[in-house]
Amino acid sequence: MTDAPRKVALVTGANQGLGLALVRRLCSALGEGSTVYLASRDTGRGEAACAMLQGEGLRPELLRLDVTDDASVSAAAAAVRARHGGIDIVIQNAAARITKDAPQSEQVLQFIETNNHGTLRIVEAFVPLLRDNARFVVVASSFGSLRNLDPRFHARFDAPGLTLHEIERAMDDFVAATRAGTAREAGWPDWINIPSKIAQVASVRVLARDKSEEFRRRGILVNAACPGLVDTEASRPWFGDMSKAATSDDAAVDLVWLAALPAGTEHPYGALVRHRQPLPWV
Ligand SMILES: NC(=O)c1ccc[n+]([C@@H]2O[C@H](COP(=O)([O-])OP(=O)(O)OC[C@H]3O[C@@H](n4cnc5c(N)ncnc54)[C@H](OP(=O)(O)O)[C@@H]3O)[C@@H](O)[C@H]2O)c1
Numbered sequence: 000m001t002d003a004p005r006k007v008a009l010v011t012g013a014n015q016g017l018g019l020a021l022v023r024r025l026c027s028a029l030g031e032g033s034t035v036y037l038a039s040r041d042t043g044r045g046e047a048a049c050a051m052l053q054g055e056g057l058r059p060e061l062l063r064l065d066v067t068d069d070a071s072v073s074a075a076a077a078a079v080r081a082r083h084g085g086i087d088i089v090i091q092n093a094a095a096r097i098t099k100d101a102p103q104s105e106q107v108l109q110f111i112e113t114n115n116h117g118t119l120r121i122v123e124a125f126v127p128l129l130r131d132n133a134r135f136v137v138v139a140s141s142f143g144s145l146r147n148l149d150p151r152f153h154a155r156f157d158a159p160g161l162t163l164h165e166i167e168r169a170m171d172d173f174v175a176a177t178r179a180g181t182a183r184e185a186g187w188p189d190w191i192n193i194p195s196k197i198a199q200v201a202s203v204r205v206l207a208r209d210k211s212e213e214f215r216r217r218g219i220l221v222n223a224a225c226p227g228l229v230d231t232e233a234s235r236p237w238f239g240d241m242s243k244a245a246t247s248d249d250a251a252v253d254l255v256w257l258a259a260l261p262a263g264t265e266h267p268y269g270a271l272v273r274h275r276q277p278l279p280w281v
């Protein structure tokens with residue numbers, strides 16, 4: 000018999016790559032009686048991933064969730080609310096890839112729609128479901144630092160009173176500039192992943208600031224995470240030398256540490272965390 004509390008956890012974009020490894024590790028870490036949702040935008044790919052984990056003796060539950068689709072995100076949140084009344088762990092991991100086979104100007108709209116507007120959809124749908132002592136983690140990257148951005152843009156990602164929706168509007172302006180071919184001249188970084196990750200971290204900071212009183216009182220932690228370089232289909236085309244890249248399973252260890260910090264933990268809060276250490280924002 001175990002007296003460990005039964006937790007409810009969800010990982011988005013979990014049918015492959017890092018997300019799949021996060022589900023695998025959460026299933027083992029949370030143990031019997033807990034529910035770990037493997038959220039996938041595609042039912043077939045989600046079923047295949049669940050079957051693989053079941054073959055390892057684990058019991059994830061499949062939830063269909065496309066972060067670009069309001070109705071899909073709302074339905075997933077409604078299902079969690081109906082079945083459990085709340086949630087203990089949310090990891091927003093889903094992300095679109097960038098291919099080298101097409102100009103980034105043709106990919107930027109879908110990329111930001113998924114990685115940034117999608118993150119906001121998950122925040123808006125799942126933050127209201129967070130139970131006391133819940134952990135909300137956005138998988139970002141160490142690229143997500145203001146140091147990687149021209150100072151002309153800093154106020155759009157770091158200012159008193161800045162809202163989550165204003166950050167998304169900054170990303171819409173970035174999309175428009177990239178599509179128009181004026182982004183570089185305006186001072187945006189060339190690789191579209193950099194502004195996107197900065198915006199994700201900025202959103203976590205704004206959420207942590209806005210909810211500070213309530214989250215502190217209820218023991219809730221919200222953080223962004225950098226997994227380091229991880230060997231996945233998404234990263235392989237971009238980094239010539241993958242010899243130092245972690246496997247997804249190894250990278251999942253520190254992320255699940257962050258997502259399962261015990262009740263009573265106060266730090267990190269509103270931070271970007273890599274290998275268990277907060278990284279500087281500026
Ligand atoms: N790999 C690295 O070195 C590295 C480094 C730093 C940060 N990260 C971050 O870690 C996270 C996971 O990366 P990864 O390397 O594991 O990428 P990946 O292998 O491309 O996996 C991304 C996952 O997101 C899903 N996804 C894409 N669009 C979606 C949507 N609209 N709705 C729901 N799910 C969607 C994909 O589903 P499909 O299978 O259906 O496409 C896939 O399951 C990302 O946030 C990435 O930026 C990765």
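All residue numbers for the sequence shown refer to numbering that gives the first Met the number 0, where the first residue is 0 and numbers rise by one. Even for Gly, the Cβ is constructed at its ideal location relative to N, Cα and C. Note that this is a predicted model, so its numbers are computed, not measured.
When Glu232, Pro236, Gly227 are compared against Leu278, the one with the closest alpha-carbon: For the purposes of this step, residue 278 is taken as residue 279 along the sequence shown, with counting starting at 1. Minimum Cα-Cα distance from Leu278 among the listed residues Glu232, Pro236, Gly227 corresponds to Gly227.
Give every residue of the same chain whose Cβ lies closer than 8 Å to the Cβ of Thr113, excluding the five residues on either side of it in the sequence, and list them in chain order. As a working note, residue 113 is residue 114 in the sequence shown. Contacts found: Val66, Thr67, Ala93, Ala94, Ala95.
Alpha carbon to alpha carbon, how far is Ile111 from Phe152? Give it in angstroms, no decimals. Start at 1 with the first residue of the sequence shown, and residue 152 comes out as number 153. Start at 1 with the first residue of the sequence shown, and residue 111 comes out as number 112. The straight-line gap from Cα to Cα measures roughly 17 Å.
Bridge-paired residues (DSSP) for Ser39: Here residue 39 refers to the residue found at position 40 of the sequence shown. For Ser39, which the question treats as bridged, DSSP gives the partners Arg63.
Given 8 Å, three or more beta-carbon pairs between the segment 229-236 and the segment 177-191: By the Cβ test, the segment 229-236 is not in contact with the segment 177-191, since fewer than three Cβ pairs between them sit closer than 8 Å.
DSSP puts Pro277 in a beta bridge; with which residues? Working through the sequence shown from its first residue, we reach residue 277 at position 278. Its beta-bridge partners are Val272.
According to DSSP, which residues form a beta bridge with Arg134? Residue 134 sits at position 135 when you count from the first residue of the sequence shown. Ile88, Leu220, per the DSSP bridge assignment.
For the alpha helix (DSSP H) containing Ala258, list its first residue and its last residue. Within the sequence shown, residue 258 is the residue found at index 259, counting from 1. Looking at the DSSP string, the run of the alpha helix (DSSP H) that includes Ala258 is 247-258.
Terminal residues of the beta strand (DSSP E) in which Leu9 lies: For the purposes of this step, residue 9 is identified with residue 10 of the sequence shown, where counting begins at 1. Per DSSP, Leu9 is one residue of the beta strand (DSSP E) stretching across 7-10.
Nearer than 8 Å: is that true of the beta carbon of Leu278 relative to any heavy atom of ligand 1? Within the sequence shown, residue 278 is the residue found at index 279, counting from 1. No, Cβ of Leu278 sits at least 8 Å from all heavy atoms of ligand 1.
As a quick exercise: from Arg82, Ala38, Ile191, pick the residue whose alpha carbon is nearest that of Leu108. Locating residue 108 in the sequence shown gives position 109, where the first residue counts as 1. It is Ile191 whose Cα lies nearest to the Cα of Leu108.
Is Ser144 near ligand 1, in the sense that its beta carbon is under 8 Å from a heavy atom of that ligand? Residue mapping note: residue 144 aligns to position 145 of the sequence shown, counting from 1. Taking 8 Å as the cut-off, the C-beta of Ser144 does not count as close to any heavy atom of ligand 1.
Answer yes if the segment 19-26 comes into contact with the segment 35-53, meaning at least three C-beta pairs across the two stretches below 8 Å, and no otherwise. Judged by pairs of C-beta atoms under 8 Å, the segment 35-53 touches the segment 19-26, as three or more such pairs exist.
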